[in-house]
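All remarks here apply to the structure that follows.
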Amino acid sequence: MALHILTFTAAAVPFPSKIFNHSIQPKIPLQFHFSTRHALVSSTQPQKYVYPDPIPEFAVAETQKFKAELLKKLSKEKETFGDELDDVVSVCAEIFNEFLHKEYGGPGTLLVEPFTDMMVALKERKLPGAALAARASLLWAQNYVDQDWKTLELKTTKTMKTVIFPAYVGQ
1 MALHILTFTA AAVPFPSKIF NHSIQPKIPL QFHFSTRHAL VSSTQPQKYV YPDPIPEFAV
61 AETQKFKAEL LKKLSKEKET FGDELDDVVS VCAEIFNEFL HKEYGGPGTL LVEPFTDMMV
121 ALKERKLPGA ALAARASLLW AQNYVDQDWK TLELKTTKTM KTVIFPAYVG Q
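Once you know that position 154 of the sequence shown is 154 in the working numbering, the rest is easy, because the numbers rise by one and skip nothing.
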């Protein structure tokens, strides 16, 4: 696509005054100069950041950690959950695991949707403490999932340096 740019400049050119010219101001003619330039404008789309695909090994390990921590957290609420604590934790862990396997691709991809799904699923199954369990799950995920992903990336990067460039490890 060509863009035509028109520039316009005006300059005052001194006009020699006549000696016998009375108090009349000297007239200054203006010179006009027109030029055109062609500028090429390309229409390119901005690049979009593509998040990495979910890592199954990370999903399995993180789900186990999530399940253990959620059980520990919710066991403090025995009066709310009673004998159904294990069922509540299992439902939450199942939904969280599915999310990690299918959608989570690293920091910036943690969504609220799986946690609302947890609350809905717990209510549909008539399990106690749906809101409490979903909130505890969300808070845990916000505090640990992205952090654990970054830790995994660092370990992976260090391992790759060891395998590919053993001399650079520790620098």
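Beta carbons are placed, not taken as given, at the ideal position from N, Cα and C, and that holds for glycine.
Could you check which residue in the options has the C-alpha nearest to that of residue i?
i, options, result
"Tyr51", "Gly108, Val120 and Phe81", "Gly108"
"Phe58", "Gln47, Glu77, Leu71 and Glu103", "Glu103"
"Phe96", "Gln64, Leu132, Ala130 and Thr156", "Gln64"
"Gln142", "Gly82, Phe115 and Pro128", "Phe115"
"Asp87", "Gln147, Pro46 and Glu124", "Glu124"
"Glu62", "Thr151, Leu74 and Asp83", "Thr151"
"Val89", "Asp83, Leu138 and Lys67", "Lys67"
"Asp128", "Thr44, Asp53 and Asp83", "It is Pro, not Asp, that sits at residue 128 in the sequence shown. Closest option to Pro128, Cα to Cα, is Asp83."
"Ala93", "Gly105, Glu153 and Leu74", "Leu74"
"Lys76", "Asp148, Ala133 and Trp149", "Ala133"
For residue i, which residues of its own chain have a beta-carbon under 8 Å away from its beta-carbon, when the five flanking residues on both sides are left out?
i, result
"Pro56", "His101"
"Phe165", "The pLDDT assigned to Phe165 is 47, lower than 50, so where the model puts this residue is not dependable; a value taken from the coordinates is nonetheless given after this. Excluding positions up to five away in sequence, the list is empty."
Rounded to a whole number of angstroms, what is the C-alpha to C-alpha distance between residue i and residue j?
i, j, result
"Phe99", "Thr80", "26 Å"
"Tyr168", "Lys155", "Note that Tyr168 has pLDDT 47, beneath the 50 cutoff, so the model's placement of it is unreliable and no number is given."
If contacts are defined as beta-carbon pairs under 8 Å, then residue i and residue j qualify, I think. What distance do you get, rounded to the angstrom?
i, j, result
"Leu110", "Asp146", "6 Å"
"Leu70", "Ser137", "6 Å"
Using a Cβ-Cβ cut-off of 7 Å (strictly less than) and excluding sequence neighbours within five positions of residue i, which residues of its own chain qualify?
i, result
"Ala121", "Val91 and Ile95"
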